[in-house]
Amino acid sequence: MMAPTETAMSPSQQIRELPDRPRVTDLRGRVRSAMQAPPAKWDCPACIDPADMAEPIPVRKALAIALKLSEMPTDLWDGQLLAGSMTLESPRLHAEHGFPRYLTEDEIHDGRAKGWNTGCFGHIVPDYPALLQRGLVTIRDEAQAQMAGAETDAQLAFLRSVVIALDGVLDFASRLAAHCDGEAQGHSDSTRAAELRQMAADLRRVPALPALTFRQALQSVWLLHMVFHSTMNGNAIGRLDQYAWPYLQGDLQVGRLDWAAAAELVACFCLKFNERAKATHDQAPEARVPEKRDASRRTRHYTSSQIGTRRDGLDATNHWLQNIVVGGLTPNGDDGTNPLAYLLLEAYRRNEMTNPLLTVRLHKDSPEELLAYSCDVLKDGGGMPALFNDDQIIPALERIGIPAPDARDYTNDGCWEVIIPGRTNFGFQRLSAMLCLEWVLQRVQARIDGAPTGPDTGDPREMTSFQEVFEAWERQLDHMIGCTIDRVARTIDDRSNLAPVPLLSALIAGCIDSRRDMTAGGAAFRTFALLAESAAHCIDSLVAIKTVVFETKAATMADLCDALDADFAGYAHLRSLLEAAPKYGNDDPRADDLGRQVVKAFTEGTARHAARHAASITFSCGVGTFSWYVGIGEGLAASADGRHAGQPVSSNFSPALGRDHLGIPGAILSYARMHDENLSAG
Numbered sequence: 017m018m019a020p021t022e023t024a025m026s027p028s029q030q031i032r033e034l035p036d037r038p039r040v041t042d043l044r045g046r047v048r049s050a051m052q053a054p055p056a057k058w059d060c061p062a063c064i065d066p067a068d069m070a071e072p073i074p075v076r077k078a079l080a081i082a083l084k085l086s087e088m089p090t091d092l093w094d095g096q097l098l099a100g101s102m103t104l105e106s107p108r109l110h111a112e113h114g115f116p117r118y119l120t121e122d123e124i125h126d127g128r129a130k131g132w133n134t135g136c137f138g139h140i141v142p143d144y145p146a147l148l149q150r151g152l153v154t155i156r157d158e159a160q161a162q163m164a165g166a167e168t169d170a171q172l173a174f175l176r177s178v179v180i181a182l183d184g185v186l187d188f189a190s191r192l193a194a195h196c197d198g199e200a201q202g203h204s205d206s207t208r209a210a211e212l213r214q215m216a217a218d219l220r221r222v223p224a225l226p227a228l229t230f231r232q233a234l235q236s237v238w239l240l241h242m243v244f245h246s247t248m249n250g251n252a253i254g255r256l257d258q259y260a261w262p263y264l265q266g267d268l269q270v271g272r273l274d275w276a277a278a279a280e281l282v283a284c285f286c287l288k289f290n291e292r293a294k295a296t297h298d299q300a301p302e303a304r305v306p307e308k309r310d311a312s313r314r315t316r317h318y319t320s321s322q323i324g325t326r327r328d329g330l331d332a333t334n335h336w337l338q339n340i341v342v343g344g345l346t347p348n349g350d351d352g353t354n355p356l357a358y359l360l361l362e363a364y365r366r367n368e369m370t371n372p373l374l375t376v377r378l379h380k381d382s383p384e385e386l387l388a389y390s391c392d393v394l395k396d397g398g399g400m401p402a403l404f405n406d407d408q409i410i411p412a413l414e415r416i417g418i419p420a421p422d423a424r425d426y427t428n429d430g431c432w433e434v435i436i437p438g439r440t441n442f443g444f445q446r447l448s449a450m451l452c453l454e455w456v457l458q459r460v461q462a463r464i465d466g467a468p469t470g471p472d473t474g475d476p477r478e479m480t481s482f483q484e485v486f487e488a489w490e491r492q493l494d495h496m497i498g499c500t501i502d503r504v505a506r507t508i509d510d511r512s513n514l515a516p517v518p519l520l521s522a523l524i525a526g527c528i529d530s531r532r533d534m535t536a537g538g539a540a541f542r543t544f545a546l547l548a549e550s551a552a553h554c555i556d557s558l559v560a561i562k563t564v565v566f567e568t569k570a571a572t573m574a575d576l577c578d579a580l581d582a583d584f585a586g587y588a589h590l591r592s593l594l595e596a597a598p599k600y601g602n603d604d605p606r607a608d609d610l611g612r613q614v615v616k617a618f619t620e621g622t623a624r625h626a627a628r629h630a631a632s633i634t635f636s637c638g639v640g641t642f643s644w645y646v647g648i649g650e651g652l653a654a655s656a657d658g659r660h661a662g663q664p665v666s667s668n669f670s671p672a673l674g675r676d677h678l679g680i681p682g683a684i685l686s687y688a689r690m691h692d693e694n695l696s697a698g
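Each residue of the sequence shown is one higher than the one before, starting from 17 at the first, in our numbering.
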């Protein structure tokens, strides 16, 4: 009997104190060792059957998926409780590019001439709740039933492609089950043999049918996730704690699992994401090779300043788009925190690996326990979990027309951009706030390559007030936003011409009912984000111009333009004055108030131009650089905040490097002032 002074431990306390089981310790060590080994090679089929090249492109794409799955290795990791391993032929790729060719050379050539993309975009969260609750057989049957009502050849081709792709996944699951059974036969360890037989039994049920247990739920989600990534579609996991908790809760209630067994399963699940990870030694200091800055290599994000280099294809490991979100509100507005969130946080802490990425949603009524646990994991290193604020994001989503229940169910797309899971076709374009200011100060031309860009806003040397400078910047930004939005509206469905996604469309709400691929407008939501880059430097530069030129009058606009042209050579004193001006990230209203005006110009301009296309596309706004802040800076000339030409910009919406003098609290307070519930993309 518990003593009066004792209190029962909460699930999170129990989870924190659970020891690792030997299986997990062993798997963790072997996964780490595998990261240092060369990627395994296998002979992926080069092309679908030439006889099938007369089929419609969606059908050919589905045949390519099924063909790859029919020959993909069914490797099993000794000791793992979940089956299926991603293929990976290059440690620098976030998605497998070993994929059977399904387009003719003429189609590829003609498509590229029209600017059509032949690759998948990823950045989507499939409808994993539907997978677990209904199974692929039911979804396949719905697609077959829709064929009778198909009104066009395109609709029929799409529905056929869904059925073919789903059959390919079901056949792959059957091959995995057979492999598990084969490994179990005659296995020297009777305990492991029983585990393999259980894995085979689970694979015969899922993903074909609804999951009944927590183990089946994890197996079903993992199988589809690894299939997506192995067939050129890097998608994220979404709100795993919300859709998988009912299965774990049921297992705990009937005694099928205890907390220790649940923790073991979650650890095995999280380690699966690292099987395909390879340490990219090219990032080591001794392996880095200087690359000449080449302005002709501007990113395909034509409104970004980024100059592409070999470096931009490298990360410490290839962890792309494998993100799990926990916590947050449920669609009906209740707090959704449950013990599975703590199991996932603890697995991340103990694994000490970059996969899967982990995001925690918080709001004003989140349990203090969740916030404290998340902070403890953050303090242990690794930079995770990311923290998302429901109280800002949900109203922002509602402002752009997302219904409240859907807005409360938001997740991220694998990076950090906000989307609605299981029902969104998503894309984004990066816009450079600093390029717009550079065009003002260089009179339309970018300094790096001299290319003419936006509207002529006049001779900057003759501008006589800060308001004139700011309005010129607003005009450049507005032009960039308008051109981008109109271009997106013209081209958003172009990917469907050459790169449809029949398998993903099967798990995106709206596609089967509308008989349209996700890339052809079939999803319930079609969202496109405009993401501002180099925002902190733009704010600091505008504040510096206001302070040094128009308030203290320590320099003229002509002096400033000359200094920028010279990259500050011979202008050290002026540069020091610009650097001394108030800076974003220091809880300083002089910088932060102007920063809010910058954000407001961006969000209001986007809303104004987006209204022209409100019937077909929802446009959202965000601020971010991803990991490309070095390349983004390389495409920018010297800036009025004192930054030299080619120097990196700050990451995402962080203060400029070395400009924050109050530490993290000052940076957070400044950042919080930038939000006015309009940055719905993050």
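Just so you know, even glycine gets a beta-carbon here, dropped at the ideal spot from N, CA and C.
Residue i burial status per 10 Å Cβ neighbour count (16 or more: buried)
{"i": "Thr168", "result": "exposed"}
{"i": "Ser382", "result": "buried"}
{"i": "Pro7", "result": "Only positions 17 to 698 of the chain appear in this structure, which leaves residue 7 out of reach."}
{"i": "Glu433", "result": "buried"}
{"i": "Ser206", "result": "exposed"}
{"i": "Thr480", "result": "exposed"}
{"i": "Val270", "result": "exposed"}
{"i": "Ser521", "result": "buried"}
{"i": "Asp406", "result": "buried"}
{"i": "Pro681", "result": "exposed"}
{"i": "Asn348", "result": "exposed"}
{"i": "Met242", "result": "buried"}
Nearest candidate by alpha-carbon position, reference residue i, set the options
{"i": "Arg531", "options": "Leu172, Ala99 and Met51", "result": "Leu172"}
{"i": "Tyr259", "options": "Ala279, Ala579 and Tyr144", "result": "Tyr144"}
{"i": "Ser655", "options": "Val559, His629 and Thr500", "result": "Val559"}
{"i": "His677", "options": "His195, Ala62, Glu595 and Gly498", "result": "Glu595"}
{"i": "Cys60", "options": "Arg46, Arg44 and Gly114", "result": "Gly114"}
{"i": "Gln160", "options": "Val178, Leu148, Ala82 and Gln149", "result": "Val178"}
{"i": "Ala653", "options": "Ala626, Asp529, Leu610 and Cys577", "result": "Cys577"}
{"i": "Arg377", "options": "Asp257, Thr229 and Gly165", "result": "Asp257"}
{"i": "Asp502", "options": "Ile418, Ala626 and Ala597", "result": "Ala626"}
{"i": "Ser696", "options": "Ile648, Arg612 and Thr543", "result": "Thr543"}
{"i": "Asp197", "options": "Gln214, Cys286 and Pro518", "result": "Gln214"}
Per-residue DSSP class, three states only, for residue i
{"i": "Gly638", "result": "strand"}
{"i": "Ala548", "result": "strand"}
{"i": "Asn405", "result": "strand"}
{"i": "Ala111", "result": "With a pLDDT of 46 at Ala111, under the threshold of 50, the modelled position of that residue is not reliable, and the figure given next carries that caveat. If DSSP states are grouped into helix, strand and coil, Ala111 belongs with coil."}
{"i": "Val434", "result": "strand"}
{"i": "Gly398", "result": "coil"}
{"i": "Phe442", "result": "strand"}
{"i": "Thr535", "result": "helix"}
{"i": "Ile323", "result": "strand"}
{"i": "Pro516", "result": "coil"}
{"i": "Leu273", "result": "coil"}
{"i": "His691", "result": "coil"}
{"i": "Phe669", "result": "coil"}
{"i": "Pro9", "result": "What the structure shows of the chain is the stretch from 17 to 698, and residue 9 is not part of that stretch, so it cannot be assessed."}
CA-to-CA distance, residue j to residue i, given in whole angstroms
{"i": "Tyr645", "j": "Ser448", "result": "11 angstroms"}
{"i": "Arg231", "j": "Gln52", "result": "29 angstroms"}
{"i": "Thr427", "j": "Gly250", "result": "15 angstroms"}
{"i": "Cys554", "j": "Gly674", "result": "16 angstroms"}
{"i": "Pro27", "j": "Ala277", "result": "14 angstroms"}
{"i": "Lys130", "j": "Ala515", "result": "14 angstroms"}
{"i": "Pro107", "j": "Gly127", "result": "Only weak support exists for where Pro107 lies, its pLDDT of 49 falling under 50; the coordinates are left without a value."}
{"i": "Asp157", "j": "Trp336", "result": "33 angstroms"}
{"i": "Ala111", "j": "Thr134", "result": "Bear in mind that the predicted position of Ala111 carries a pLDDT of just 46, short of 50, making it too unreliable to give a figure here."}
CB contact check: residue i to chain D, cutoff 8 angstroms
{"i": "Leu386", "result": "The displayed structure is made up of one protein chain only, and chain D is not part of it."}
For residue i: DSSP bridge partner residues
{"i": "Ser448", "result": "Glu549"}
{"i": "Gly254", "result": "Ile340"}
{"i": "Asp351", "result": "Leu345"}
{"i": "Val376", "result": "Val342 and Leu403"}
{"i": "Phe541", "result": "Thr440"}
{"i": "Thr427", "result": "Ile435"}
{"i": "Cys63", "result": "Arg117"}
Near the ligand GDP: residue i beta-carbon under 7 angstroms from a heavy atom
{"i": "Pro355", "result": "The ligand GDP is absent from the structure shown, which contains no ligands of any kind."}
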